Structure formats: structure tokens, C-alpha cells
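Participant: Below: one structure in C-alpha cells.
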Amino acid sequence: MVWCSGWELASAVSNSGGLGLIGAGSMHPDTLTTHIKKCRDATTNPFGVNVPLMYPEIEKIMNIIIDEGVKIVFTSAGNPATWTRFLKDNGITVVHVVANTKNVVKCNESGVDAIVAEGFEAGGHNGREETTTLTLIPHVRSVTDLPLIAAGGIGSGRAMLAAFALGAEGVQIGSRFAATMESSAHPEFKMKIVSAKEGDTLLTLKKLVPVRLLRNKFFDEINTAQSSGAGIPELSKLLGKGRARLGMFEGNIDDGELEIGQVSAMINEIQPAAQVLLEIVSEYTEIKKKLCGKEDW
43 MVWCSGWELA SAVSNSGGLG LIGAGSMHPD TLTTHIKKCR DATTNPFGVN VPLMYPEIEK
103 IMNIIIDEGV KIVFTSAGNP ATWTRFLKDN GITVVHVVAN TKNVVKCNES GVDAIVAEGF
163 EAGGHNGREE TTTLTLIPHV RSVTDLPLIA AGGIGSGRAM LAAFALGAEG VQIGSRFAAT
223 MESSAHPEFK MKIVSAKEGD TLLTLKKLVP VRLLRNKFFD EINTAQSSGA GIPELSKLLG
283 KGRARLGMFE GNIDDGELEI GQVSAMINEI QPAAQVLLEI VSEYTEIKKK LCGKEDW
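Here our numbering runs 42 ahead of the position in the sequence shown, where the first position is 1.
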């Protein structure tokens, strides 16, 4: 959710009954401070901050989170042992994102409060194992008793109910909220999401850090380079800097990096975040009632 989840989206989700997260991965420290303050002014409900642990200014980010009194932090892209104890010692609930059971063991040992298990249907940076959510959630459930949040390919009440059946207690949803009115993504990127069809997103850049992208000119250039045997130095040069900002925040849908999940094929309109939450919870409740009423199951 880099370039998509600022204070407006996070507060809108929290105000509607979800837990809104500010995506710190695209923010400089001063920018994050501003978003936390504005989010606090916009909602009296809990909200959190997602922090990729590979962030170059990670110490500044963590100190800002402490200073601003943030109570919930989702960490990702790194070893949970690095910062979990520091955060918990400051009274913060810590949730870590994993894509395999190996990292679940690290979560158990480091003392996180909950785990997000993200299947490779998800948009953005992904696990090298390419394990689907349907397979990953039961795997993770079998090796931890911690509260489990499912992510990747979840954009409906049906999918939420399925995740619970697999062993999750909650779901984390990104792509549907990237296309909301409150998302800070560029309107051109939002329209690209809405027009996406099945097969329009693929996992690429596996030699660097696997990432799921929408097909566009940039994706084709990467794909051609990989097919020609390009190594890490060539791919890194082609990727350059600021590709995600260029595409998702500035709206260059040809040359930018467009990170979104497979569920984008199911998104047909740009809605308020509150409406998205209402639709998901309503469908979840309706389908659950129907299934519970099937006495022959």
C-alpha cells in the first residue's frame, strides 16, 4: 500500500470499523509525523502504522512512532526480532507479516502479538515461495497459536469467510482500498486498477525482490530483460529509483511500477472506504448465515 495509504485512507477505515494502517514505506520521517498527527485528528478509533524493516531510516521512523504515541505497528520485510522487543517495551502491539512458516518460527521466538500470513496473490512485494493464501494459512496455523490475519487475494466477504475457515481470525485487505476515494494513489492508477482483467497482474523481478505488478510498458521491459538473461545489476539499473512513486502516486501508468493484487480483476468502481467495508462485512454475514443453514453439510 505504499503511495496509497496515507492518513485520509487510514482514518476513513478506522472510522468505519476497521483498523486503518498508514503505509510508512513511502514516507520520509517528517512526512510520517504529519500523517500520524492528521490521522489522530481525523479519528478517535485505533489506527496503526505499517513499517517495512528494510527502510533506510528505520531508527528515525521507530522513534517517531514512539514519540507520537502510536499503539499498533505492523512490521514487514525483515526479521521481527530486530524491533519487536523495542516496540513492545514501549507499550506497542506488534504484528508481523510473513509469507512462509520459517518466518513464523521467528515471530514465535521474538514475541510478536499477531501474524499476517500473506499469500502470493497479494500486490506489491511478495514471498519467493509463491505460496497461495489457500495453502499458506493452514500451514501457518499449524505452527503457531498466535492470532492469525490472512492477506493476499482477499477482497470480499466470501474470501473473508474462507480465510476464517482456514484458521485465520482476521483479514488484511489492500487492493480494494487502493482504489477508494480516500486512497492517496493517483486517479490514473485507480482507473488502471478498475480496468484490470484476469491475468493482468504477474509476479516479476524474482532475482531482486519478487513483486506483483500490473502489465504495462515498464513491466514488458522488465519481462524482456529477464527473458534475455539479465542479471541483478542490469535489472537494478532498469528498475532505477522512484518507479513505484512514478506510477502509483504521479500517475505515469506506462513507465511506472504499478503494484496491485490479483483481486484487482474484481474491482469495478472507485468507492468510499466505508462502502467497501460495508459490502465486505454484509456479504460475510450473509454467506455465513446461508452456510450455517445447510443442515445436510
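All residues carry an ideal CB built from backbone N, CA and C; glycine is no exception.
Nothing here was measured: the structure is a model prediction, and the numbers come from that model.
Return the residue from the list I108, V146 and V115 that minimises the CA-CA distance to N132.
Facilitator: Here the closest residue by C-alpha is I108.
Participant: Give the list of continuous alpha helix (DSSP H) stretches no shorter than 4 residues that lie fully inside the region 143-226.
Facilitator: Qualifying alpha helix (DSSP H) stretches, in chain order: 143-152, 175-183, 199-208 and 217-220.
Participant: Quick one: Cα of G62 to Cα of S56, how far?
Facilitator: Spanning the two alpha carbons is a distance of roughly 5 Å.
Participant: Per DSSP, what are the beta-bridge partners of H138 in this structure?
Facilitator: H138 is bridged to T117 and I157.
Participant: Measure the C-alpha to C-alpha separation of K148 and V140 and round it to an integer number of angstroms.
Facilitator: For K148 and V140, the distance between alpha carbons rounds to 10 Å.
Participant: Checking 8 Å against the spacing of the C-beta atoms, do M202 and P314 come in under that value?
Facilitator: It is not a contact, given that the beta carbons lie outside the stated cut-off.
Participant: Quick one: give me the first and last residue of the alpha helix (DSSP H) that N105 is part of.
Facilitator: Segment I100 to D109, the alpha helix (DSSP H) holding N105.
Participant: Can you give the Cα-Cα distance for W339 and L320, rounded to whole angstroms?
Facilitator: With a pLDDT of 47 at W339, under the threshold of 50, the predicted position of this residue should be treated as unreliable, though the coordinate-derived value follows. Between W339 and L320, the C-alpha separation is close to 28 Å.
Participant: Measure the C-alpha to C-alpha separation of W49 and E171 and round it to an integer number of angstroms.
Facilitator: Their Cα atoms are separated by approximately 33 Å.
Participant: Nearest to D297 by CA position, among R257, V91 and G60, is which residue?
Facilitator: Comparing Cα positions, the closest option is R257.
Participant: Would DSSP call N294 helix, strand or coil?
Facilitator: Coil at N294, not helix or strand.
Participant: Please determine, among G271, S269, E301 and G273, the residue with the shortest C-alpha to C-alpha distance to G284.
Facilitator: G284 has its Cα closest to that of E301, out of G271, S269, E301 and G273.
Participant: Since F89 sits in a beta bridge, which residues does DSSP pair it with?
Facilitator: According to DSSP, which records beta bridges pairwise, F89 is partnered with G62.
Participant: Assign N310 to one of two classes, buried (16 or more other C-beta atoms within 10 Å of its C-beta) or exposed (fewer than that).
Facilitator: Label assigned to N310: exposed.
Participant: Tell me the rounded alpha-carbon separation between E325 and E263.
Facilitator: Spanning the two alpha carbons is a distance of roughly 40 Å.
Participant: Looking at the unbroken alpha helix (DSSP H) that takes in L288, where does it start and where does it end?
Facilitator: Taken as a continuous stretch (DSSP letters only), L288 belongs to no alpha helix (DSSP H), as it is neither H nor E.
Participant: Taking the beta carbon of G289 as the centre, do at least 16 other beta carbons fall within 10 Å, making it buried, or is it exposed?
Facilitator: That one is buried.
Participant: Any idea what DSSP makes of L244, helix, strand or coil?
Facilitator: L244: strand per DSSP, three-state reduction.
Participant: Using only the alpha-carbon positions, how far apart do A205 and I114 sit?
Facilitator: Approximately 22 Å, taken between the alpha carbons.
Participant: Short check: CB of G209 to CB of L188, under 8 Å?
Facilitator: Taking 8 Å as the Cβ cut-off, G209 and L188 do not qualify as a contacting pair.
Participant: Grouping DSSP H, G and I as helix and E and B as strand, with all else coil, what is P122?
Facilitator: Note: P122 maps to helix in three-state DSSP.
Participant: Closest by CA to E110, which one among C81, I100 and V253?
Facilitator: Comparing Cα-Cα distances from E110 to each of C81, I100 and V253, the minimum goes to C81.
Participant: Should G335 go down as buried or exposed, given a rule of 16 or more other Cβ atoms within 10 Å for buried?
Facilitator: Exposed is the call here.
Participant: Give the secondary structure of W339 by DSSP, where H, G and I count as helix, E and B as strand, and everything else as coil.
Facilitator: For W339, the pLDDT reaches just 47, beneath the cut-off of 50, and the residue's location in the model is therefore unreliable, leaving the point undetermined.
Participant: Restricting to Cα atoms, I'd like to know which of G166, A159, G165 and N168 is closest to T177.
Facilitator: Answer by Cα proximity: A159.
Participant: Where T186 and G271 are concerned, what is the direct C-alpha to C-alpha distance, given to the nearest angstrom?
Facilitator: If you take the alpha carbons of T186 and G271, they lie about 40 Å apart.
Participant: Between which two residues does the beta strand (DSSP E) carrying V253 extend?
Facilitator: V253 -> beta strand (DSSP E) spans V253 to L256.
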